[in-house]
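Numbering-wise (full-length UniProt numbering), the sequence shown opens with residue 1 and increments by one. Note that the Cβ used here is the ideal one computed from N, Cα and C, for glycine as well. Heads up, the thing below is written out as structure tokens.
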Amino acid sequence: MKTHNGNVLVLATGGSIAQTSPSDPTLAGEALLEAIPELRDKFGIVVEQVAQVSSPDITAEHWLTLASRINRAAADEEVQGIVVTHGTDTLEETAFFLNLVVKSEKAVVVVGAMRRPYALGADGAANLHDAVVLASCQEAKGRGVLVVLNSEIHSARDVTKTTFNLDAFKSRDLGPLGQMVNGRPFFYRRSERKHTLCSAFPANLDRLPHVAIVYSYAGVTPDVLTGIAAAGYDGVVWAGTGSGSLPKAIRPAATTLVKNGMAFVRSSRVSSGPIKRNDEVDDDAFGFITADSLNPQKARILLMLALTQTKDPLEIQSLFDSH
Ligand code: ASP
């Protein structure tokens, strides 16, 4: 007997989960599902190929396309939940972007694989199975965009890729939201930060501001910032040493950027611990913004979205403190 647990839309974008050759993802989303026939017995699954790329090649255009497709699908009563298959390198970025612009309570689950489909101990089929189950279930609703790999359910805001093993995805200081156990989700906490329906950002943006990340190191010189200003960026995320510190040699270049209307966010190259305002650096005096517990690549996404709403550093700071 066919037990129908709901309709799930799978949006495929490529990545190792679909990669049969060393260079490019070649397996279509449909082929990924063929490896898990029992899913089609239980769910009504529609697959759409949105892209076929390795995730280092994902761009802001892909994010905008995914966001608009997901928002449209989420408004369709027939669709229970949405799964995005994605390469793991930038999976956390796509997931966090969607977490801020999808305007629905419906579950959106982003999934990838650390091993290619024909590798020994490939994890793609199990992860995709978990993702479809999760996307279809009631408990996953209203929790923001979720990421599932290695049986762990993470918030898109908190998760990051930490290594190349099967347990690569971790929510550093905070831990996962829940676990998949024998194909069922069990949740233990919620994200406290604004997402999806409560976020400050609109659903359908058609372009995003340009924001660069600059990585700091001992002996860094101001030209790393002056080059960015000349290239016409709207903002910079500083991946500073320690608690997002800024060497004295860099401060004049950074303040010039701010005076010229660019946003400057202090984040850290250290892999955990929040960066708080006016700690180490006088952010009020310099007009800087701090990234809180977002890593530089996530701070970049929030800054891109914040700049669609305001250029005021204190208003941007309150978006960082609440999302
Ligand atoms: N290179 C792959 C990517 O598309 C890595 C992966 O998916 O695990 O990100």
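Does the segment 214 to 232 come close enough to the segment 250 to 260 to have 3 or more Cβ pairs within less than 8 Å? yes
Is S55 near ligand 1, with its Cβ less than 7 Å from a heavy atom? yes
Examine ligand 1 and report whether any of its heavy atoms sits within less than 7 Å of the Cβ of D89. yes
Simplified DSSP assignment, three categories, for D292: strand
DSSP state of D279 mapped onto helix, strand, coil: coil
Would the segment 36 to 43 and the segment 115 to 134 be scored as touching if the rule is three or more Cβ pairs under 8 Å? Touching, yes, given that three or more Cβ pairs across the two stretches are closer than 8 Å.
Collapsed DSSP secondary structure at H86 in the structure displayed: coil
My understanding is that T90 touches S55, with C-beta atoms under 8 Å, so please give their C-beta distance in whole angstroms. 4 Å
Does the Cβ of A60 lie closer than 7 Å to at least one heavy atom of ligand 1? With a cutoff of 7 Å, A60 does not count as near ligand 1, since its C-beta is closer than that to no heavy atom of the ligand.
Nearest-angstrom Cα separation, counted from R207 out to Y233: Distance between the alpha carbons of Y233 and R207: 14 Å.
Going by DSSP in three states, R266 sits in which element: helix, strand or coil? Under the three-state reduction of DSSP, R266 is assigned to strand.
List the whole-angstrom C-beta distance separating P185 from E152, where the pair is believed to meet the contact cut-off of C-beta under 8 Å. No, P185 and E152 are not in contact; Cβ-Cβ is about 11 Å, not under 8 Å.
Roughly how many whole angstroms lie between the Cα atoms of S272 and G112? 23 Å
According to DSSP, is Q19 part of a helix, a strand, or is it coil? coil
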